[in-house]
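1392 is the number of the first residue of the sequence shown in my numbering; add one for each residue after it.
C-beta: ideal position from N, C-alpha, C; glycine also.
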Amino acid sequence: MLDAFHVTQMIEIIIYGRGGMGAVTAGKILAEAAILSNNYPEVSAFPSFGTERRGAPVMAFCRISDEPIWTRAQIQQADYVIVLDETVFGNHVIDRIKTGGALILNTWKCPEDVRNMYDFGDRKITIVTADLTQIAFDLKLLNRENQPIVNTSVLGVIAKSSIKITLDDAKNAIENKFGKSTKTDLNVKAANMAAEQALVEEVK
């Protein structure tokens, strides 16, 4: 029997990127990390409808919860919005963040700069930034087209947020997805560096 004071904890997440960046894969690894945390036994991760053309803006959706998830609808407003490529970011993305939610942005800018550049209105939204692209270049973590891989390092930033997922959960999820290899070790190292370098500021 459930505790009378139990409150269902479902967190809705939108991931923005470009085709070929692995936004959908990021959602799946995040869902795996959520399960491994033992805090969110129910997960759902899926792409936006339509084809993922390389270089075109894409979205992926992820729900994690401690109760069954009955909906498969696309997420209109999310608790967390993750942006893997700053060139797809703008006020239309900010509008998808719930009041009290958080933005995780791959950028060299600090949260204060982001806040000053865009219109967050009077909603209380936490801004988290990390230069995942630079981390990937520093580690030579590149794909076959020599583009930086940032869809795994972002898990380190998520582990620094209020989502109950640890760096160990992220590490294990990455290893489960890709197996143990030197490249996997680099992905894990990138996640650790992202957690260390992430900057957090709450929009007043």
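- Of the candidates Ile1540, Leu1496 and Gln1468, Gln1468 places its Cα closest to the Cα of arginine 1487.
- Pairing alanine 1447 with valine 1472 gives a Cβ-Cβ distance that is not under 9 Å.
- Within the region 1501–1553, the runs of beta strand (DSSP E) that reach at least 3 residues and sit entirely inside it are, in chain order, 1517–1521.
- Just measuring C-alpha positions, the residue of Thr1575, Ile1518, Ala1581 and Phe1528 sitting nearest serine 1553 is Ile1518.
- Following the DSSP letters along the chain, one finds methionine 1584 inside the alpha helix (DSSP H) bounded by residues 1573–1588.
- Boundaries of the beta strand (DSSP E) harbouring glycine 1491: 1488–1497, taken from the DSSP string.
- Between the region 1500–1511 and the region 1525–1537 there are fewer than three C-beta pairs closer than 8 Å, too few to call the two in contact.
- In the three-state reduction of the DSSP assignment, phenylalanine 1569 falls in the helix class, which pools H, G and I.
- A straight line joining the alpha-carbon of arginine 1463 with that of phenylalanine 1437 spans about 9 Å.
- In this structure, the alpha-carbon of threonine 1478 lies about 31 Å from that of serine 1572.
- The beta carbons of alanine 1582 and alanine 1561 sit about 5 Å from each other, so the pair counts as a contact at 8 Å.
- Per DSSP, the beta-bridge partners of glycine 1410 are Arg1445.
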